[in-house]
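Here is the structure we will look at, set down as structure tokens.
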Amino acid sequence: MLLAVCFCVAALATHALAEPRIVNILAWGDYFDPRSLEEFTAETGVRIVYDVYPSREALEARLRGKTDYDVVVAPGPALQSLIAAGALRKLDKAKLPNATGLWPEVMAVLGVFDPGNQYAVPYLWFTAGLAFDVDKANEIGAAAPFEPASWDLIFRPDRLAAFADCGVFVPDNPEEMFAIALRYLRLNPASKSLNDLRRAAELLGGMRRYVKKFPSSDDVGALANGDVCLAVAWSSDGLQARARAKEEGNGVDVGYAIPREGTVLSLDALVVPKDAPHGDAALSFINFLLRPEIAARNTNATKLANGVIASKPWIAKDILDNKAIYPDPETMGRLFAVQNADLATQKFIAREWVRIKTGKYP
């Protein structure tokens, strides 16, 4: 009898040891340097299974039910929703020693979505700004002073009209556009006041006649091909368009600038779902990503800033010196996050955005 019990225990132990060591991650596509993933597996023996989601909505849908994911890269607003839904577990900071070297300003923005920074650590971040065709902008500047670092180009009809013939894109992203408009008006970007929101809607409505399209995803190609000369875009898209134009050798020079009035800082955070099957491996992987040289490697691969301030010595000089990726301290002080609005504000913004896009504002 004793022999049988020992045999069963030994068999169970052998089975446990034989179980594959895995960490299942869910993120945007091409969001890690492949060498970093390979190095993690080589160091730990933990195999990475990398799945991709196409949108914030798809991400939230996957995590609100049962999931097999261990580590998820979540945009700030999605993080806020997932915490409220009880879909995430608090991070054991004792198992994340590399989390002590994070950028205070970025952590402050993360705290907007995760008060107390209990559920997430920052991964990569970027800004909203103005992407433009440098040559066409300079041509326009011969007749009127061109100032790429001002939202005047979008919100002053006399400035925006000069770009109408060569094409203007404004993203189909009402929450961010309302926040930017509020900031331009020197109001709280997170204001819930109907008077403030109406003023923002009127400002946004004034640009409609000059906007060629409100795209949801194809601004990179349009910028790279020279189909548009001015766009409100994420820094990641503006820089990607610049690189693509250079690769194609089409003569298009795409620039990107952060407006002086201030703009949105958007970040993606690392989180662990509540029912993650490999919790220890998840924390090990997150801690690995927060290692300064690994954080720098992922920045070099994606051309996006990371949240590890100690990573700077390993970041490529052309990236670190690029103010579109790593803004100076003064500009950093003018960046802000866009929180999820309450239901009444969401409905107002959604309704007014439809009116703006369809030209219903005077």
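Numbering (mature numbering (1 follows the signal peptide of the UniProt record, and there is no 0)) for the sequence shown: -18 to -1, 1 to 344. Just so it is clear, CB atoms sit at the ideal spot from N, CA and C, and this is done for glycine as well.
Using the C-alpha atoms, what's the distance from residue j back to residue i?
i, j, result
"Arg279", "Arg224", "21 Å"
"Asp50", "Asn6", "7 Å"
"residue 347", "Ser37", "No answer is possible for residue 347: the residues shown for the chain start at -18 and end at 344."
"Gly220", "Gly237", "7 Å"
"Asn232", "Leu135", "26 Å"
"Val254", "Asp324", "25 Å"
"Pro104", "Leu92", "7 Å"
"Val320", "Glu229", "34 Å"
"Ile297", "Val290", "11 Å"
"Thr82", "Ala9", "23 Å"
"Arg29", "Leu176", "51 Å"
"Glu21", "Asp52", "18 Å"
"Asp300", "Arg138", "33 Å"
"Ser132", "Pro86", "26 Å"
"Leu271", "Gly58", "18 Å"
"Leu185", "Val54", "37 Å"
"Arg316", "Leu19", "34 Å"
Quick one: what's got a C-beta closer than 6 Å to residue i's C-beta in the same chain, skipping five residues either side?
i, result
"Gln62", "Phe95, Asn322"
"Ala215", "Ala113, Asp201"
"Ala182", "Phe160, Ala163, Leu164"
"Ala206", "Ala223, Arg226, Ala227"
"Leu41", "Tyr35, Ala60"
"Pro171", "Ala161, Leu164, Arg165, Phe318"
"Val150", "Tyr192, Val193, Lys194, Leu212"
"Tyr32", "Ile7"
"Arg71", "Val254, Lys256"
"Asp154", "Phe196, Ser198"
"Val152", "Val193, Phe196, Val214"
Let's test the definition: count the other Cβ atoms within 10 Å of the Cβ of residue i and tell me whether it reaches 16, buried, or not, exposed.
i, result
"Asp115", "buried"
"Val336", "exposed"
"Ile331", "buried"
"Gly187", "buried"
"Arg273", "buried"
"Gly123", "exposed"
"Ala119", "buried"
"Arg46", "exposed"
"Glu334", "buried"
"Thr281", "buried"
"Gly98", "exposed"
"Gly11", "exposed"
"Ala90", "exposed"
"Ala24", "exposed"
"Thr245", "buried"
"Ala67", "exposed"
"Arg141", "buried"
"Ala326", "exposed"
"Ala258", "buried"
Take residue i and list the residues in its own chain whose beta-carbon comes closer than 8 Å to its own, dropping the five residues that flank it on each side.
i, result
"Ala306", "Thr109, Gly111, Ser217, Gly220, Leu221, Tyr238, Ala239, Ile240"
"Leu302", "Lys294, Tyr308"
"Gly27", "Arg3"
Throw me the rounded Cβ distance for the residue i and residue j pair, which I believe falls under 8 Å.
i, j, result
"Gln100", "Leu73", "7 Å"
"Asn269", "Ala277", "About 11 Å; that fails the 8 Å criterion."
"Thr313", "Leu106", "18 Å between Cβ atoms; not a contact."
"Leu286", "Ala102", "About 17 Å separates the two Cβ atoms, so there is no contact after all."
"Gly203", "Val234", "With a Cβ gap of about 11 Å, Gly203 and Val234 do not count as contacting."
"Ala56", "Asp250", "7 Å"
Using C-beta distances below 7 Å, list every residue in its chain close to residue i, excluding the 5 sequence neighbours before and after it, in chain order.
i, result
"Arg180", "none"
"Glu158", "Ala110, Val246, Val320"
Is residue i a contact residue of the ligand ATP, with contact defined as CB to any heavy atom under 7 Å?
i, result
"Ala332", "Ligands displayed in this structure: none; no statement on the ligand ATP is therefore possible."
> Just checking, does the region 177 to 195 make contact with the region 257 to 267 on the three C-beta pairs under 8 Å criterion?
Replying inline: Too few Cβ pairs lie closer than 8 Å, so no.
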